[in-house]
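Asker: The numbers in my numbering rise by one with no breaks, and the one at position 532 of the sequence shown is 1774. Heads up, the beta-carbon is just placed ideally off N, CA and C, and yes, glycines get one too. Given the structure is predicted, the values throughout are model-derived calculations rather than measurements.
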Amino acid sequence: MDNEQGTIPSDSTTRQRKPLGWKTMPYIIGNETLERLATFGLMANFMVYMVKEYHMDQVQAATLINTWSALTNFSPIIGAFISDSYTGKFNTIVFGSIAELLGMLVLTFTSLIPNLRPPPCTADQIAGKCISYTNLQLYVLLSGLFLLTVGTGGIRSCSVPFSLDQFDDSTEEGREGSRTFFSWYYTTHTIVQLISMTLVLYVQNNISWGIGFAIPTVLNLFALVLLFVGTRYYVFVKPQGSVFSGIFKVLVAAYKKRNAWFPSEIGYYQPLLETNKVELTDQFRFLNKAVLVIYNDKTENEESRICTVRQIEDIKSIISIIPIFASSIIGFLAMNQQQTFTVSQALKMDLRFPGTSYLIPPASITVISLLTIGIWLPFYETFLVRHIEKITKQEGGISLLQKVGIGNFFSILTMFISGVLERKRRDSSLIGVNISIFWLNPQQILMGFYQVFTIVGLTEFFNKQVPINMRSIGNSLLYLGLSLASYLSSVMVSIVHSVTARGGRQSWLTDDIDTSKLDYFYYFISALSTLNLIFFLWCARRYCYRNMCQL
1243 MDNEQGTIPS DSTTRQRKPL GWKTMPYIIG NETLERLATF GLMANFMVYM VKEYHMDQVQ
1303 AATLINTWSA LTNFSPIIGA FISDSYTGKF NTIVFGSIAE LLGMLVLTFT SLIPNLRPPP
1363 CTADQIAGKC ISYTNLQLYV LLSGLFLLTV GTGGIRSCSV PFSLDQFDDS TEEGREGSRT
1423 FFSWYYTTHT IVQLISMTLV LYVQNNISWG IGFAIPTVLN LFALVLLFVG TRYYVFVKPQ
1483 GSVFSGIFKV LVAAYKKRNA WFPSEIGYYQ PLLETNKVEL TDQFRFLNKA VLVIYNDKTE
1543 NEESRICTVR QIEDIKSIIS IIPIFASSII GFLAMNQQQT FTVSQALKMD LRFPGTSYLI
1603 PPASITVISL LTIGIWLPFY ETFLVRHIEK ITKQEGGISL LQKVGIGNFF SILTMFISGV
1663 LERKRRDSSL IGVNISIFWL NPQQILMGFY QVFTIVGLTE FFNKQVPINM RSIGNSLLYL
1723 GLSLASYLSS VMVSIVHSVT ARGGRQSWLT DDIDTSKLDY FYYFISALST LNLIFFLWCA
1783 RRYCYRNMCQ L
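1. Go through its chain and collect everything with a Cβ distance to residue 1336's Cβ below 6 Å, but skip five positions before and after it.
2. Quick one: measure Cβ to Cβ for residue 1768 and residue 1657, integer angstroms, because I've assumed they're closer than 8 Å.
3. By the 10 Å Cβ neighbour count, where 16 or more other Cβ atoms means buried, how is residue 1672 classified, buried or exposed?
4. Considering only residues of the same chain and omitting the five flanking positions on each side of residue 1507, which have a CB-CB separation below 6 Å?
5. Here's the rule I'm using: 16 or more other beta-carbon atoms within 10 Å means buried, otherwise exposed. How should residue 1685 be labelled?
6. Using a Cβ-Cβ cut-off of 6 Å (strictly less than) and excluding sequence neighbours within five positions of residue 1270, which residues of its own chain qualify?
7. In terms of alpha-carbon separation, which member of 1372, 1591, 1608 lies closest to residue 1861?
8. Considering residue 1480, what are the terminal residues of the alpha helix (DSSP H) in which it resides?
9. Residue 1250 by DSSP, collapsed to three states: which one?
10. Quick one, which of 1436, 1710, 1623, 1522 has its alpha-carbon nearest residue 1608's?
11. With distance defined between alpha-carbon atoms, name the residue in 1630, 1632, 1707, 1411 nearest to residue 1643.
12. Given this structure, state the Cα-to-Cα distance separating residue 1782 from residue 1565, to the nearest angstrom.
13. For the alpha helix (DSSP H) holding residue 1450, just list the boundary residues, first then last.
14. Just the Cα atoms here: how many angstroms apart are residue 1584 and residue 1303?
15. Would DSSP call residue 1374 helix, strand or coil?
16. DSSP three-state call for residue 1744: helix, strand or coil?
17. Note down, in chain order, each residue of its chain lying with its Cβ closer than 6 Å to the Cβ of residue 1260, except the 5 sequence neighbours on either side.
18. If you draw a straight line from the alpha carbon of residue 1421 to that of residue 1632, how long is it in whole angstroms?
19. Using 8 Å as the threshold, is the C-beta distance between residue 1771 and residue 1615 below it?
20. On the CB-based measure, 16 or more other CB atoms within 10 Å of its CB, does residue 1215 come out buried or exposed?
21. Measuring straight from C-alpha to C-alpha, what distance separates residue 1554 and residue 1787?
22. Does the contact criterion of 3 or more C-beta pairs under 8 Å hold for the segment 1621 to 1640 versus the segment 1729 to 1745?
23. Quick test of the definition: if touching needs 3 or more C-beta pairs under 8 Å, does the segment 1557 to 1576 touch the segment 1720 to 1734?
24. Does the segment 1617 to 1632 come close enough to the segment 1748 to 1756 that 3 or more CB-CB pairs lie under 8 Å?
25. Look at residue 1479 and residue 1331 and say whether their C-beta atoms are less than 8 Å apart.
26. Check whether the Cβ atoms of residue 1197 and residue 1714 sit closer than 8 Å, and answer yes or no.
27. Output the boundary residues of the alpha helix (DSSP H) element that contains residue 1527.
28. What does the alpha-carbon distance come out to for the pair residue 1710 and residue 1416?
29. Alpha carbon to alpha carbon, how far is residue 1530 from residue 1682? Give it in angstroms, no decimals.
30. Would you say residue 1409 touches the ligand ADP, meaning its beta carbon is less than 7 Å from a heavy atom?
31. Measure the CB-CB distance between residue 1318 and residue 1399 and report whether it falls below 8 Å.
32. Should residue 1282 and residue 1438 be called a contact, given that it needs their Cβ atoms to be closer than 8 Å?
33. Using the Cα positions of residue 1678 and residue 1736, report the straight-line distance between them to the nearest angstrom.
34. Restricting to Cα atoms, I'd like to know which of 1693, 1659, 1325 is closest to residue 1334.
35. Which residues does DSSP list as the beta-bridge partners of residue 1678?
36. Under the rule that 16 or more other beta-carbon atoms within 10 Å means buried, what is residue 1414, buried or exposed?
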């Protein structure tokens, strides 16, 4: 982790105009902010909508949401491949924005047109006996969700990489702009979540579902318009064909030339090094032989089989980030628990706001994490980072992996404190005392710091440490990690529940958390996160930042 972080140089051959940096950000970040406000505003309360308006039971609604969420987090990988290989980032964002707008229109229509949802329950109908939805009504609902998934795949895969294209990393100003972009991007992301979980949710629950859905839909339309308004300022980086063809070519060439001897081929090897802007490094040296031109291999089609240094170094950078990506999956487990079991804890606590009779919605406790992010990130970027840079003599104060490592430490601390507070809550509840929901604030604040360091750090890392023509795929690795972490969390809960209930013993994770051992489960996640941090530190110490390794 002591290595200095490198950056990907701009590829001027693919740019059509000089990058204007922050001048383009009001349009791009404005589009992204309105899009996220629309999406979060629509989905923040969607389970309640399906239960109340479609008369689904909790299991049906939860299954539908979990399946949709998994597909949505996976879709950016598909969108990224299409973008980097064929369509380009801007076109992919536009296509995704249109698909998302159509999806939101469909879901808004379900709230405005009575025939698109089941009739309301009457006073003489008991729970579970209301008229259910028809197949057609379900298909309309699913079509809207499918369009949202397509839209998410196009927007989330390309919004950050497209923003980075607007900065010239060959200049100090451009590098500083691209570095601070990630913090401000996540700050706006946090503000959007706050608005969605408060104002939009209130409108949906207390005024009208139709208005509550229409507001995000209109915002999405404004987001699309804003994206087009800034077109005259954007830099467009052209796609360079299939991003995997070069990878396959290098692997095949390296294998075929595995027995070649470098000194005997230096006549062909050295000129290729001298004519490439990128230097060949000693990382994964077995791939270096792909650049050789064997004497007896010279044919009319020789040029098509020669691998460039750029292609070799690109595949090295992809291989080198795999361990970091793997460690991030375990790191996300702490965040998953705070979004699920924390709500179960809150339901067993005193929900009254101090000094009033107002009851805090249990799920709203996560607002504390969002407030932590919203306060810390601007403070860090506008004040603290300059003082850290003076101490470390490093651009940005600390390296990307150091930032991620600090976040992983906060994930360990979050789960440990969560276990301590859960023991306090359970002991109090068993004697008939419900402690205040604000006892959960410490773990929520720590989770906010985890996201500040790890999520922001990984977003920047995945975008800057992959080849410039694969930035969309790199950006999508974060969503893929979140998706895999959700699956891993579900599997882990099932395994822990099954194993701890063997022999007639009581499971750690029962339906009634007052009789369960949720604190033990939190300690288990903390221990697992500690092992993951050790693995991460081992990988980070050996990681060579892109364009920083030496031959």
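Answerer: So, from the listed chains and residues:
1. As a working mapping, residue 1336 is identified with position 94 in the sequence shown. Answer for residue 1336: no residue qualifies.
2. Position 526 of the sequence shown, counting from 1, holds the residue named residue 1768. Position 415 of the sequence shown, counting from 1, holds the residue named residue 1657. That belief holds up - the Cβ atoms of residue 1768 and residue 1657 are roughly 4 Å apart, short of 8 Å.
3. On the sequence shown, position 430 is the one that residue 1672 refers to. Around the C-beta of residue 1672, fewer than 16 other C-beta atoms lie within 10 Å, and the residue is accordingly described as exposed.
4. Within the sequence shown, numbered from 1, the residue matching residue 1507 stands at position 265. Note that residue 1507 has pLDDT 45, beneath the 50 cutoff, so the model's placement of it is unreliable and the number below is only indicative. 1534, listed in sequence order.
5. Residue mapping note: residue 1685 aligns to position 443 of the sequence shown, counting from 1. Buried, by the Cβ-count rule.
6. By 1-based counting over the sequence shown, the position of residue 1270 is 28. Here the set comprises 1405.
7. Any answer about residue 1861 is impossible in this case: the structure gives the chain only from 1243 up to 1793.
8. Residue 1480 sits at position 238 when you count from the first residue of the sequence shown. Unbroken run through residue 1480: none, as it is neither H nor E.
9. The residue you call residue 1250 lines up with position 8 of the sequence shown. Residue placement at residue 1250 is poorly supported in this model, since its pLDDT is 37, which falls under 50; the coordinates still yield a value, given next. Taken through DSSP and simplified to helix, strand or coil, residue 1250 comes out as coil.
10. The residue labelled residue 1608 in the question sits at position 366 within the sequence shown. Nearest of 1436, 1710, 1623, 1522 to residue 1608, Cα basis: 1436.
11. Within the sequence shown, the letter at position 401 stands for residue 1643. Comparing Cα-Cα distances from residue 1643 to each of 1630, 1632, 1707, 1411, the minimum goes to 1707.
12. For the purposes of this step, residue 1782 is identified with residue 540 of the sequence shown, where counting begins at 1. For the purposes of this step, residue 1565 is identified with residue 323 of the sequence shown, where counting begins at 1. Computed Cα separation, rounded: 9 Å.
13. Against the sequence shown, residue 1450 aligns to sequence position 208. Counting along the chain, residue 1450 falls outside any alpha helix (DSSP H), and DSSP gives it neither H nor E.
14. If you number the sequence shown from 1, residue 1584 lands on position 342. If you number the sequence shown from 1, residue 1303 lands on position 61. Our two residues, residue 1584 and residue 1303, have alpha carbons roughly 20 Å apart in a direct line.
15. As a position in the sequence shown, residue 1374 is number 132, starting the count at 1. Residue 1374: coil per DSSP, three-state reduction.
16. Within the sequence shown, numbered from 1, the residue matching residue 1744 stands at position 502. Correct three-state label for residue 1744: helix.
17. Here residue 1260 corresponds to residue number 18 of the sequence shown, with the count starting at 1. Excluding sequence neighbours, residue 1260 sits near nothing in its chain.
18. Position 179 of the sequence shown holds residue 1421. Position 390 of the sequence shown holds residue 1632. Each residue's alpha carbon lies about 17 Å from the other.
19. For the purposes of this step, residue 1771 is taken as residue 529 along the sequence shown, with counting starting at 1. For the purposes of this step, residue 1615 is taken as residue 373 along the sequence shown, with counting starting at 1. No, the Cβ-Cβ distance between residue 1771 and residue 1615 is not below 8 Å.
20. Any question about residue 1215 goes unanswered here, given that the chain covers just 1243 to 1793.
21. What you label residue 1554 is simply residue 312 of the sequence shown in a count that begins at 1. What you label residue 1787 is simply residue 545 of the sequence shown in a count that begins at 1. Computed Cα separation, rounded: 15 Å.
22. No: fewer than three Cβ pairs fall under 8 Å.
23. yes
24. no
25. Locating residue 1479 in the sequence shown gives position 237, counting from the first residue. Locating residue 1331 in the sequence shown gives position 89, counting from the first residue. Their beta carbons are under 8 Å apart, which means residue 1479 touches residue 1331 by this criterion.
26. This structure gives no information on residue 1197, because the portion of the chain shown stretches from 1243 to 1793.
27. What you label residue 1527 is simply residue 285 of the sequence shown in a count that begins at 1. Counting along the chain, residue 1527 falls outside any alpha helix (DSSP H), and DSSP gives it neither H nor E.
28. Position 468 of the sequence shown, counted from the first residue, corresponds to residue 1710. Position 174 of the sequence shown, counted from the first residue, corresponds to residue 1416. Distance between the alpha carbons of residue 1710 and residue 1416 is about 15 Å.
29. Counting from 1 along the sequence shown, the entry for residue 1682 is found at position 440. Counting from 1 along the sequence shown, the entry for residue 1530 is found at position 288. For residue 1682 and residue 1530, the distance between alpha carbons rounds to 53 Å.
30. Among the components of this structure there are no ligands whatsoever, and the ligand ADP is therefore not found.
31. For this step, residue 1318 is matched to residue 76 along the sequence shown. For this step, residue 1399 is matched to residue 157 along the sequence shown. Cβ atoms of residue 1318 and residue 1399: closer than 8 Å.
32. The residue given as residue 1282 occupies position 40 in the sequence shown. The residue given as residue 1438 occupies position 196 in the sequence shown. Between residue 1282 and residue 1438, the gap from beta carbon to beta carbon is short of 8 Å.
33. Here residue 1678 refers to the residue found at position 436 when the sequence shown is read from its first residue. Here residue 1736 refers to the residue found at position 494 when the sequence shown is read from its first residue. Their backbone Cα atoms lie some 30 Å apart in a straight line.
34. For the purposes of this step, residue 1334 is taken as residue 92 along the sequence shown, with counting starting at 1. The candidate whose alpha carbon is nearest that of residue 1334 is 1325.
35. Position 436 of the sequence shown, counted from the first residue, corresponds to residue 1678. DSSP lists 1592 as partners of residue 1678.
36. Numbered from its first residue, the sequence shown carries residue 1414 at position 172. Classification of residue 1414: exposed, given that the 10 Å Cβ count is below 16.
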